[in-house]
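Residue numbers 41 to 428, in this note's numbering, belong to the letters of the sequence shown in order. Written out below as structure tokens is the structure these notes cover.
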Amino acid sequence: MAPISGMSFEATETDGLPAALMLRAAATSSFGMTLADARQPDHPLLYANDAFTAMTGYDAREVVGQNCRFLQGPETDPESVAKIRQTLKSGVASTVLLLNYRKDGSRFWNRFQLSPVNDDAGKLCAYLGMQVDITEEIDRIGMENERQKLETLGRVAGGVAHELNNALQPILLYAELLADEDARNPAMLNQCSKGIFENARFASDVVNQVLSFARRDSSSNLVYDARTIIGEAVDFAAEYLPSSIVFDRQGFEPGGPLDGKQIKINRTGLLQVMTNLFKNAADATRDKGRIVVTLWLSGDPAARSGHSDDPQNYVVISIADNGHGIESKTLKHIFEPFYTTKAPGEGTGLGLSTIYGIVERWGGRIAAHSTPGKGTTFRVLVPITSNA
Ligand SMILES: Cc1cc2nc3c(=O)[nH]c(=O)nc-3n(C[C@H](O)[C@H](O)[C@H](O)COP(=O)(O)O)c2cc1C
């Protein structure tokens with residue numbers, strides 16, 4: 041067992057359990073376990089179990105008496121270390137993920153849990169640290185992310201190729217017709233130029249949407265009064281809704297928590313977001329349902345569910361329909377490029393991925409919740425830039 045030096049605690053019976061047995065349990069634990077003296081300056085280690093020494097490559101004799109920061113190195117995140125410092129100060133237990141270094145210099149991911157230990161008088165006397173090497177888990181997540189990225193990239197490339205091909209085929213056909221001098225007549229020329237124009241414009245739209253998704257440029261964002269600009273965009277998008285849709289809006293009245301709140305966005309992007317979400321909502325109800333747009337502030341205590349513990353305040357735009365809803369297995373993919381549930385030719389599958397990119401560029405977020413058979417709600421969160 042690793043040495044326990046300078047330990048001024050009595051190894052007596054505790055609640056009927058011999059302390060020696062508890063120490064043996066700690067020694068054989070598969071988690072790294074360390075105990076540091078809270079009463080000594082710089083909290084030297086009093087104890088390190090075998091799992092800790094196996095994980096780090098250090099001998100227990102080398103680490104006892106040292107502060108455990110010897111495991112840190114150039115790429116250890118200073119914010120995680122600051123969180124440990126905060127725990128030491130506040131006495132409130134915490135868990136952090138740390139990049140640590142073994143004795144041989146190799147790196148490992150340490151899921152580190154730190155908790156204070158009090159003596160019988162309730163006075164802080166030690167800190168208990170528990171270490172778990174989760175490098176394999178992190179690598180697996182990284183590989184899975186990479187795999188998903190490649191899959192998405194493949195879908196994007198395939199989708200772009202498919203859409204552009206769809207546009208190019210008729211353009212080639214019209215070009216061939218134009219080349220045939222004998223067939224040329226005003227009606228044919230008119231039809232060809234119209235066909236070429238429409239298909240070229242479709243191809244250009246596809247390219248622009250892909251570019252808009254890929255670009256991470258927020259330079260065209262400007263500051264607007266939140267309620268006014270969102271109201272305008274909602275008016276604009278509602279114009280295109282079929283008259284058979286029942287449309288309702290809530291939270292747009294002046295005199296509420298949104299008064300004076302500003303957001304930094306690009307106007308065209310907002311119009312695109314609203315138009316797209318309204319069109320999807322209308323399609324989901326087969327143009328016969330109800331769409332409700334609600335506006336609120338995420339920090340508003342009167343606001344309904346959906347606000348996060350993020351200290352940043354957001355304007356939340358919720359677009360709810362009572363359409364057919366979306367299955368959860370589909371919901372997971374809806375913001376991916378070229379993922380579409382619509383029939384071929386009905387949609388490019390770029391709409392939601394494009395607006396996802398737009399909202400991200402504002403520093404905002406978009407999420408969807410759905411109950412199949414009952415409807416879908418999209419929530420767009422736009423960060424407040426001023427509380428004027
Ligand atoms: C019991 C105990 C175990 C610790 N174990 C680790 C560890 O496994 N890895 C690590 O990077 N830091 C560990 N630390 C944190 C560092 O020892 C140190 O407290 C931290 O770096 C913050 O202090 P500093 O800013 O003075 O370095 C541990 C601390 C204590 C009290």
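We treat Cβ as the ideally placed atom computed from N, Cα and C, and that holds for glycine.
beta-carbon Phe-152 near ligand 1 non-hydrogen atom, thresh 8 Å: It does: the Cβ of Phe-152 is within 8 Å (strictly closer) of some heavy atom of ligand 1.
For Leu-85, the first and last residue of its enclosing alpha helix (DSSP H): DSSP places Leu-85 outside any alpha helix (DSSP H); the residue lies instead in the beta strand (DSSP E), whose first and last residues are 85-88.
Simplified DSSP assignment, three categories, for Thr-315: When secondary structure is reduced to three states using DSSP, Thr-315 falls in the helix class.
Distance cut-off 8 Å: Thr-116 Cβ against heavy atoms of ligand 1: Because some heavy atom of ligand 1 lies under 8 Å away, the Cβ of Thr-116 counts as near it: yes.
Among Leu-139, Pro-294 and Leu-193, nearest to Thr-268 - alpha-carbon criterion: Of the candidates Leu-139, Pro-294 and Leu-193, Pro-294 places its Cα closest to the Cα of Thr-268.
Check: Gln-80 C-beta below 8 Å from any heavy atom of ligand 1: With a cutoff of 8 Å, Gln-80 does not count as near ligand 1, since its C-beta is closer than that to no heavy atom of the ligand.
Where Thr-416 sits in the DSSP three-state scheme: Here Thr-416 sits in strand by DSSP.
Glu-216 to Leu-392 span [Cα, whole Å]: Their Cα atoms are separated by approximately 36 Å.
6 Å Cβ shell around Ile-424 - same chain, five flanking residues per side excluded: Only Lys-301 and Asn-353 meet the Cβ criterion.
Residue from Met-73, Thr-96 and Asn-107 whose Cα sits closest to the Cα of Asp-82: Nearest of Met-73, Thr-96 and Asn-107 to Asp-82, Cα basis: Asn-107.
Residues near Ala-322 in its chain [Cβ-Cβ closer than 6 Å; skip 5 each side]: Excluding five sequence positions before and after Ala-322, the CB atoms of its chain that fall closer than 6 Å to its own CB belong to Leu-281 and Ile-285, given in chain order.
Three-state secondary structure assigned by DSSP to Ser-393: Ser-393 sits in a helix when the DSSP states are folded into three classes.
For Thr-416 and Pro-114, the rounded distance between their alpha carbons: The straight-line gap from Cα to Cα measures roughly 47 Å.
Exposure of Thr-334, with buried meaning 16 or more beta-carbon neighbours within 10 Å: The residue in question, Thr-334, is buried, as its Cβ has 16 or more Cβ neighbours within 10 Å.
Any non-hydrogen atom of ligand 1 closer than 8 Å to Cys-165 Cβ: No, ligand 1 has no heavy atom inside 8 Å of this Cβ.
Ile-303 vs Ala-266 beta-carbon contact at 9 Å: Result yes, Cβ atoms of Ile-303 and Ala-266 sit closer than 9 Å.
Local conformation of Leu-298 per DSSP, three classes: It is coil, neither helix nor strand.
Pairwise C-alpha distance: Gln-209 and Leu-311: If I take the Cα positions, the gap works out to 31 Å.
Which of helix, strand or coil DSSP assigns to Asp-323: Asp-323: helix per DSSP, three-state reduction.
Separation of Ser-70 from Cys-165, as counted between CA atoms: Between the alpha carbons of Cys-165 and Ser-70 lies a gap of roughly 25 Å.
Uninterrupted alpha helix (DSSP H) stretches inside the segment 217-292 (no shorter than 4 residues): Fully enclosed alpha helix (DSSP H) runs of 4 or longer: 226-254 and 266-279.
Distance cut-off 8 Å: Thr-74 Cβ against heavy atoms of ligand 1: Taking the Cβ of Thr-74 as the reference point, at least one heavy atom of ligand 1 falls within a distance shorter than 8 Å.
Three-state secondary structure (DSSP) of Arg-187: Reduced to three states, the DSSP call for Arg-187 is helix.
beta-carbon Arg-109 near ligand 1 non-hydrogen atom, thresh 8 Å: At least one heavy atom of ligand 1 lies closer than 8 Å to the C-beta of Arg-109.
Within 9 Å, strictly: CB atoms of Met-62 and Ala-91: Ala-91 sits away from Met-62, with the two beta carbons spaced by 9 Å or more.
Backbone secondary structure at Asp-160 - three-state DSSP: DSSP places Asp-160 outside both helix and strand once states are collapsed to three, so it counts as coil.
Bridge partners - Lys-304, DSSP secondary structure assignment: Under DSSP, the beta-bridge partners assigned to Lys-304 are Val-263.
Gly-363 versus Arg-180 - alpha carbon distance: Gly-363 and Arg-180: Cα-Cα distance of roughly 38 Å.
Pick from Ile-305, Asn-140, Asp-275 and Ser-410 that is closest to Lys-372, judged by C-alpha positions: Checked all of Ile-305, Asn-140, Asp-275 and Ser-410; the closest Cα to Lys-372 is Ser-410.
Member of Asp-288, Gly-182 and Val-263 whose CA lies at the smallest distance from the CA of Asp-275: For Asp-275, the closest alpha carbon among the candidates Asp-288, Gly-182 and Val-263 is that of Asp-288.
beta-carbon Gly-131 near ligand 1 non-hydrogen atom, thresh 8 Å: For Gly-131, the shortest separation between its Cβ and any heavy atom of ligand 1 does not lie below 8 Å.
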